[in-house]
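K.L.:
The sequence shown begins at 78 in our numbering and counts up one residue at a time.
A virtual CB, placed ideally from N, CA and C, is assigned to each residue, including glycine.
In this text the structure is predicted, and so the values were computed from the model without any measurement.
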Amino acid sequence: MKLLSSKRVALSLLLMLALMQLGGDSGSTQSLTVQGDYAPGELLVKVHGDNSNPREKLARVGLETLASFSTLGWQRVRLPPGMTVEEGLARYRGFSGIERVQPNFIYRTQATPNDPRFLNNELYGLTRIQAPVAWDTSTGNASVVVAVIDLGADYNHEDLSANMWRNPGETGLDSGGQNKATNAVDDDGNGYVDDVFGVDTINHDSNPLDDGGHGTHVAGTIGATGNNGVGVVGVNWSVRIMAIKSHGADGNGTSASVVEAFQYAAMMRRRGINVRVTNNSWGGAPEAANYDQALKDAIDAAGNAGILNVCAAGNSGRDNDAMPFYPASYESPSIIAVAASDQNDNRAGFSSTGATSVDLAAPGVSILSTFPGSYVSLSGTSMATPHVSGAAALLWAHAPYLTVSQVKESLTNSVDVLPQWAGLTVTGGRLNLARAVQNVPAANAIDGPDFFVRRHYLDFLSREPDPAGQAFWVNQITQCGLNAGCIEIKRINVSAAFFLSIEFQQTGYLVYRTYKAAYGNMPGAPVPLTLQEFLPDTQAIGQGVQVGIGDWQTLLENNKNAFSGEFVTRTRFTIAFPSGMTAAQFVDTLNTNSGGALSPTEREQLVNDLSSGAKTRGQVLRAVAEDQTLTQAEFNKAFVLMQYFGYLRRNPNQVPDTDFTGYNFWLAKLNQFNGNFIDAEMVKAFLSSTEYRQRFGSL
């Protein structure tokens, strides 16, 4: 503490001496209040016309010149460390040799749409959530699709038509020259005929035209076309609205209709359509007023496909913590539940709330939006929800690399916290889109395909990639273009391919099986070795090996023999297998550690080989480690362990874990799906985990 104080005094004395050398007095250091945005730690200083060598003289008072506008007499300077802009203005004004001093103000392009009803201040909700400020960064992108699960949409509306999603598989001409949109054929093979704008899951057809108005209103808030000189504007000027009619004109839907709706959205995302959000301004259908497992499963499946599901909290004015309202009240990481606020940011009288079950509020009273053939104002959490759906879509337009959890966190962590919402929602606040856009996580290096592939060579094969291999695997990802759904699937497949590769199976997995045969599992653990043991041995076997390049088979064979020969000379091994052991005892111990992998014939042959000298101890150990029964028995276990070794670079029971609970969970999942890592979502979970991404930069 004293040392810091002494440094501060010394700095002040030096600064005072420098000011005296410049010819002025120290002036007031009282902070000033400066309006507007400006670059921190910088000023613009104008020196007198007859002041020569301004850079040198400014340096004497602690100002570093960053840029010189010599014809104007202005200098852009950096303030001394720790000095604020306000302090700098107060200190340097009036110095001899300085004519003027000011902040380095920030100027931004101003994105204001020409839609008349926005210009007339009729869309207060957009202003409340600071959409106009967010539009200076992004106004949306046509590559992002929002599925509106509702009464459908008026896809011919003057303010929606341009932003409606059109199924690329059902547009254009078929092989017979017929219009795919009207040829009564399932051209894209997705199970629906002529699903151009979406589907109707309540009437079981492919025409999601709104016959009640509710869905059209919701769609307009999300994405009424911006800057077209017509009507209103949505949160996104440009987006694609997928219409899914799950409810009839009376406003009612069924479990089946909404489950099918989520299934359609998730299916289309898996087929390459960039569906990122579903808007669900409904809940509590008569036959599904309570917990509906089918609906929960459908929502979770959509979430697992990479879709954020935004749900209305309900209009009964109740506490959803005490009386759940579904689907908003389901505990699902992909759901964000929305309450309604009014023009003054107070709770709308009808809005349900929940300190633990409703995430945030958004404007939902007297919201003007599109309506079939017109524009109307409506109120409800139904109107609040699309503000959040639109905000999520705008975030993905701005930062396509974001995950579902990151978008949800960006929206909930950036609300305007308001006292009137304390205890009513999880965040205690109302949506602020501008702050969410400004605070999205930065792109992570691991999101780049070249870096992603190279890391897999380093983390799983312990070597730099060969050019041909690097190019091949990068192409697997980049051939998706900007299709986020395709990219996600390809990254998972490419990642898993490294564990499944011949090179890893013959190096890293062989090391795993060698430890298993030699020692069984570690005491009290479900695995046979640690990362610290695994890495150097894997590197030894793989030294110089590149499958498909040169005489790699011979090199690999030599490396294996050298490894197994050296392994049996280690102190730990000689203690476990003393030299006095008979050949039968040696083989039987290896077999026991391996879980009885050897058949009687295999066991007898190895005993004879060791007894006769046909095989050394190292060769017998290798033979057991390469036994196919052992290889198959340990495959899933090793696959899970490599998720920790390869991605997280730690043991399963190390911080942040304390035991093998996580390992056992993923092993059970992988076994449940018979080793199908895609259905088990194991690789996906590790790739998207915070811990993995933190290895390579900001989240």
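#1: Just the Cα atoms here: how many angstroms apart are D271 and A326?
#2: Helix, strand or coil: which one does DSSP assign to N670?
#3: Relative to the C-alpha of Y269, which residue among E337, P655, R137 is closest?
#4: Could you please give the first and the last residue of the uninterrupted beta strand (DSSP E) stretch that includes N357?
#5: Is it the case that the region 198-207 contacts the region 435-451, given that we only count it when at least three CB pairs across the two stretches are under 8 Å?
#6: What distance in whole Å lies between the Cβ atoms of V225 and I376, which are believed to be in contact at a cut-off of 8 Å?
#7: Report the rounded CA-to-CA distance for A258 versus T248, giving the unit in angstroms.
#8: Could you give the first and the last residue of the continuous beta strand (DSSP E) run that contains F754?
#9: Taking Y724 and Y769 to be in contact with their CB atoms under 8 Å, please state how far apart those CB atoms are, rounded to whole angstroms.
#10: Under the three-state reduction of DSSP, which class applies to M78: helix, strand or coil?
#11: Classify E565 as buried or exposed, calling it buried when 16 or more other Cβ atoms lie within 10 Å of its own Cβ.
#12: Check whether the Cβ atoms of A425 and S459 sit closer than 8 Å, and answer yes or no.
#13: Compute the beta-carbon to beta-carbon distance between S446 and A211, rounded to the nearest angstrom, for a pair I have assumed lies under 8 Å.
#14: Between K746, T631, V138, H291, which lies nearest to A757 when the distance is taken from Cα to Cα?
#15: CB-CB under 7 Å to W629, same chain, minus the five flanking residues each way: which ones, in chain order?
#16: Can you say whether I523 is buried or exposed, counting buried as having 16 or more other CB atoms within 10 angstroms of its CB?
#17: Should H125 be labelled buried (16 or more other beta-carbon atoms within 10 Å of its own) or exposed?
#18: C388 bridges to which residues according to DSSP?
#19: Please classify A691 as buried or exposed, where buried requires at least 16 neighbouring CB atoms within 10 angstroms.
#20: What is the C-beta distance between S393 and S429, in whole angstroms, given that I count them as a contact (C-beta under 8 Å)?
#21: DSSP three-state label for D236, please.
#22: Is the number of C-beta pairs between the region 240-254 and the region 503-512 that are closer than 8 Å three or more?
#23: If you drop the 5 nearest sequence neighbours on each side, which residues of the same chain put their C-beta closer than 7 Å to that of D41?
#24: Given that a residue counts as buried once 16 or more other Cβ atoms are within 10 Å of its Cβ, and exposed if not, what is M93?
#25: Kindly indicate which three-state DSSP category L472 falls into: helix, strand or coil?
#26: Could you give the C-beta distance for E119 and R153, rounded to a whole number, given that I count them as a contact under 8 Å?
#27: Return the CA-CA distance between L698 and A594, expressed in angstroms with no decimal places.
#28: Go ahead and label D614 buried or exposed: buried means 16 or more other beta carbons lie within 10 angstroms of its beta carbon, across all protein chains shown.
#29: Going by alpha carbons, who is nearest to V335 out of S315, P677, N356, T480?
#30: Below 8 Å on the Cβ atoms is my contact criterion, and I expect F427 with G290 to pass it. Report the Cβ-Cβ distance as a whole number of Å.
#31: Give the secondary structure of W242 by DSSP, where H, G and I count as helix, E and B as strand, and everything else as coil.
#32: Does DSSP put G619 in a helix, in a strand, or in coil?
#33: Buried or exposed: I412, going by 16 or more other Cβ atoms within 10 Å of its Cβ?
#34: Beta strand (DSSP E) containing A438: first to last residue?
#35: Under a three-way DSSP split, which group does Y452 fall into?
#36: Within 8 Å, do at least three Cβ pairs link the region 677-685 to the region 596-607?
P.N.:
Quick answer:
#1: Translated into positions along the sequence shown, residue 271 becomes position 194. Translated into positions along the sequence shown, residue 326 becomes position 249. CA-to-CA, the gap between D271 and A326 works out to about 22 Å.
#2: Translated into the one-based positions of the sequence shown, residue 670 becomes position 593. Note: N670 maps to helix in three-state DSSP.
#3: The count along the sequence shown starts at 1 and reaches residue 269 at position 192. Residue E337 holds the alpha-carbon nearest to the alpha-carbon of Y269 among E337, P655, R137.
#4: Numbered from its first residue, the sequence shown carries residue 357 at position 280. Its beta strand (DSSP E) spans residues 352-357.
#5: Yes, since at least three Cβ pairs between the region 435-451 and the region 198-207 fall closer than 8 Å, the two stretches touch.
#6: By 1-based counting over the sequence shown, the position of residue 376 is 299. By 1-based counting over the sequence shown, the position of residue 225 is 148. Actually they are not in contact, since the Cβ atoms of I376 and V225 sit about 15 Å apart, beyond 8 Å.
#7: Here residue 258 refers to the residue found at position 181 when the sequence shown is read from its first residue. Here residue 248 refers to the residue found at position 171 when the sequence shown is read from its first residue. About 5 Å.
#8: Against the sequence shown, residue 754 aligns to sequence position 677. Per DSSP, F754 belongs to no beta strand (DSSP E); it is in the alpha helix (DSSP H), 754-757.
#9: On the sequence shown, residue 724 is found 647 positions in, with the first residue counted as 1. On the sequence shown, residue 769 is found 692 positions in, with the first residue counted as 1. Between Y724 and Y769, the beta carbon gap of about 5 Å places them in contact (Cβ cut-off 8 Å).
#10: Sequence index remark: in the sequence shown, residue 78 carries index 1 (1-based). Confidence is the limiting factor: at M78 the pLDDT is only 18, short of 50, which leaves the residue's position unreliable and the question unanswerable from this model.
#11: As a working note, residue 565 is residue 488 in the sequence shown. That one is buried.
#12: Position 348 of the sequence shown, counting from 1, holds the residue named residue 425. Position 382 of the sequence shown, counting from 1, holds the residue named residue 459. Contact flag unset, no.
#13: In the sequence shown, the residue the question calls residue 446 occupies position 369. In the sequence shown, the residue the question calls residue 211 occupies position 134. No, S446 and A211 are not in contact; Cβ-Cβ is about 18 Å, not under 8 Å.
#14: Within the sequence shown, numbered from 1, the residue matching residue 757 stands at position 680. In this structure, K746 is the residue among K746, T631, V138, H291 with its C-alpha nearest to the C-alpha of A757.
#15: As a position in the sequence shown, residue 629 is number 552, starting the count at 1. Result list for W629: V622, Q623, in chain order.
#16: Walking along the sequence shown from the start, residue 523 turns up at place 446. Buried, because 16 or more other Cβ atoms sit within 10 Å of the Cβ of I523.
#17: As a working note, residue 125 is residue 48 in the sequence shown. Counting the other CB atoms within 10 Å of its CB gives H125 a total below 16, which places it among the exposed residues.
#18: Here residue 388 refers to the residue found at position 311 of the sequence shown. According to DSSP, C388 shares a beta bridge with N357, A414.
#19: Locating residue 691 in the sequence shown gives position 614, where the first residue counts as 1. Looking at its Cβ environment, which holds fewer than 16 other Cβ atoms inside 10 Å, A691 is exposed.
#20: Here residue 393 refers to the residue found at position 316 when the sequence shown is read from its first residue. Here residue 429 refers to the residue found at position 352 when the sequence shown is read from its first residue. Confirmed, about 6 Å.
#21: Here residue 236 refers to the residue found at position 159 when the sequence shown is read from its first residue. The three-state secondary structure of D236, taken from DSSP, is coil.
#22: Output reads no: the region 503-512 does not touch the region 240-254.
#23: Residue 41 is absent from the structure shown; the chain starts at 78 and stops at 776.
#24: Mapped onto the sequence shown, residue 93 falls at position 16. Note that M93 scores 26 on pLDDT, short of 50, meaning its location in the model is unreliable; the coordinates nonetheless yield the value given after this. When all chains shown are included, M93 counts as exposed.
#25: In the sequence shown, residue 472 corresponds to position 395, counting from 1. DSSP places L472 in helix when its eight states are reduced to three.
#26: As a first step, residue 119 must be located in the sequence shown, where it is residue number 42. As a first step, residue 153 must be located in the sequence shown, where it is residue number 76. The Cβ separation is near 6 Å, so the contact holds.
#27: Within the sequence shown, numbered from 1, the residue matching residue 698 stands at position 621. Within the sequence shown, numbered from 1, the residue matching residue 594 stands at position 517. Answer to the nearest angstrom: the Cα atoms are 7 Å apart.
#28: The residue given as residue 614 occupies position 537 in the sequence shown. With 16 or more other Cβ atoms inside 10 Å of its own Cβ, D614 counts as buried.
#29: The count along the sequence shown starts at 1 and reaches residue 335 at position 258. Nearest option by C-alpha distance: N356.
#30: In the sequence shown, residue 427 corresponds to position 350, counting from 1. In the sequence shown, residue 290 corresponds to position 213, counting from 1. For F427 against G290, the beta-carbon gap comes to about 19 Å, at or over 8 Å, which does not count as contact.
#31: Translated into the one-based positions of the sequence shown, residue 242 becomes position 165. If DSSP states are grouped into helix, strand and coil, W242 belongs with coil.
#32: Locating residue 619 in the sequence shown gives position 542, where the first residue counts as 1. If DSSP states are grouped into helix, strand and coil, G619 belongs with coil.
#33: Numbered from 1 along the sequence shown, position 335 holds the residue referred to as residue 412. Looking at its Cβ environment, which holds 16 or more other Cβ atoms inside 10 Å, I412 is buried.
#34: By one-based count along the sequence shown, residue 438 stands at place 361. Its beta strand (DSSP E) spans residues 437-440.
#35: Here the question's residue 452 lines up with position 375 in the sequence shown. Reduced to three states, the DSSP call for Y452 is strand.
#36: Judged by Cβ distances under 8 Å, the region 596-607 makes no contact with the region 677-685, as fewer than three pairs qualify.
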